[in-house]
Structure formats: C-alpha cells, structure tokens
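Chemist:
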Amino acid sequence: MRRPGRGLGIAALVMLTAGLLMAGGGALAPRLLYRAVSYSASAMEPTYAKGDLLLFRKDPAEVRRGDVVLVTVGPMDGGEGPGGPVVERVVAVGGDTIAYEPGASRLTLGGRPLDEPYVKDGAPTAGSAGPFSVSVPQGRVFLLGDNRGNSADSRYRMRTTPGGTAPVAHVLGVALSDEETRRTAVLFGSLIIVGLLALLAFAVLGVLWLVARRRRPAVQGPVWGATTVEPAGPRHP
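Counting in the numbering used here, the sequence shown runs from 376 upward without gaps.
#1: Near residue 528, which residues of its chain fall below 6 Å by C-beta distance, leaving aside the five closest residues on each side in sequence?
#2: Tell me whether residue 551 sits in a helix, a strand or coil according to DSSP, three-state version.
#3: Helix, strand or coil for residue 411 per DSSP?
#4: Inspect the beta-carbon positions of residue 501 and residue 390 and report whether they are closer than 7 Å.
#5: Exposed or buried, what is residue 495 when buried is set at 16 or more other beta-carbons lying within 10 Å of its beta-carbon?
#6: Identify which residue in 585, 580 and 589 has its Cα closest to the Cα of residue 388.
#7: At the level of alpha carbons, what is the spacing between residue 477 and residue 498?
#8: Which whole runs of the beta strand (DSSP E) in the region 510-542 are 3 residues long or more, in chain order?
#9: If you draw a straight line from the alpha carbon of residue 468 to that of residue 515, how long is it in whole angstroms?
#10: Between the C-alpha atoms of residue 565 and residue 402, what's the straight-line distance to the nearest angstrom?
#11: With a threshold of 8 Å, are at least 3 pairs of Cβ atoms found where one atom belongs to the region 503-510 and the other to the region 410-429?
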C-alpha cells in the first residue's frame with residue numbers, strides 16, 4: 376500500500392538538495408575562484424579610483440600584456456617594500472623588450488611605440504626617472520601603473536629584481552573587466568536567489584508532507600436505509 380504523502384516527501388527532498396547546492400555554490404564559489412580587493416591607492420588612476428572594489432580571478436592560466444594584476448613584488452631600489460600585494464598593469468611579458476628614451480612621448484615594445492590609451496592624462500612616460508631598456512626574462516612580467524606620475528612600479532625596482540620584473544608565479548589574480556564583474560555578480564547572485572526559493576519550496580512541501588502523513592483515512596459509516604443482515608448462528612430446537 377502506498378504511503379500517504381510519498382510524492383510530497385520526494386519532491387521536498389529534491390528541493391532541499393537543489394536549494395543547498397545552488398545557494399551554497401552561489402555563496403562559496405566566488406570565494407574559491409575570485410579575490411575581492413578594495414583599492415586604496417592612486418597608482419592605477421583613472422582606471423581605478425580609491426574605494427573601488429576590484430574582483431580578481433585567482434590562479435590565472437595565463438598572464439597577458441594589458442592585464443591588470445594583483446601581484447606580490449620585491450622591494451624598491453631604496454630598500455622599502457610595498458607592504459603587501461600591489462595592483463599594476465602588465466606592460467611586457469617574457470621575451471619582450473620594453474624601453475624608454477628621455478624626451479620620447481611613448482615607451483617602445485620591441486622597438487615600436489607602445490599605444491597605451493589607459494594611462495592618466497595621456498602621459499605614458501610621466502615619472503620615468505631615466506632611460507631604460509629591459510629584456511623581460513621568461514616567466515616574468517614588467518609592471519607599470521596607469522598613473523605613471525605617481526606609481527612605484529617596475530621602473531623603481533630595477534636594482535633589486537631582474538629588470539624590475541616580477542615572477543608570473545607571484546601573480547595572485549587577474550582583474551575582471553567591469554562587464555565580467557557584472558556578469559559574475561548576476562550569475563552567483565541568481566544562484567543564491569534560486570537556491571533560497573528552492574529551500575522555501577522545500578519548507579512548504581515538508582509541511583504538506585507532514586500533514587498528509589498524519590491524516591487518517593476516513594471511516595465509512597453505515598448507509599441509511601440499508602438492510603442489516605445478522606450473522607447466521609447455530610439454531611436451537
């Protein structure tokens with residue numbers, strides 16, 4: 376005999392499982408895959424301003440030119456350290472040669488002028504202390520801030536690290552674009568909302584299941600007007 380409310384019980388378990396997976400995944404996955412950083416410097420203006428919340432993809436498979444990265448760097452030439460990971464832009468990667476000549480309006484990459492539309496005030500050579508030419512070793516990156524006039528970047532680490540570069544292994548994450556950040560927030564936010572709705576459905580179905588389980592089958596009473604037949608017994612003379 377089929378138990379009362381069996382279908383409701385199965386549906387409730389399905390909603391519970393789905394709700395926990397979606398809500399839990401939506402809440403935990405961003406912590407596992409991304410690193411959120413509140414930006415507190417000015418070296419990346421105008422791309423990022425103080426107080427901006429940046430989202431970095433952890434353990435990137437590849438670091439490319441133009442990527443904004445969260446990276447651990449070595450001390451500056453004066454000996455002082457950055458005091459923690461910094462946010463800078465990858466301008467050159469292993470095998471590239473990045474150079475600057477006094478009086479030039481742009482840096483060169485592989486001997487060709489480098490187009491950098493993201494730099495502040497359109498001044499990619501601002502703040503450069505002197506000429507340099509760096510052949511970036513394999514597995515390392517050359518880093519600059521977008522606010523060149525106020526950025527303690529690879530130009531100021533050339534005596535303490537090879538050409539001022541940083542190992543790719545020290546890159547903690549690559550920044551998502553504004554559009555990627557919005558899509559990521561919508562995706563995981565939607566998972567959490569749908570998961571919570573599934574858990575609400577589980578609660579409702581669970582109550583209905585309990586009600587169905589406690590409900591007793593109705594007992595059919597006598598039908599009025601029906602003839603009652605007494606059971607036959609032994610006859611006595």
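Glycine included, C-beta positions come from ideal geometry on N, C-alpha and C.
Modeler: Checking against the coordinates, here is how it stands:
#1: 463, 518, 519 and 520
#2: coil
#3: strand
#4: no
#5: buried
#6: 580
#7: 13 Å
#8: 515-519
#9: 6 Å
#10: 10 Å
#11: no
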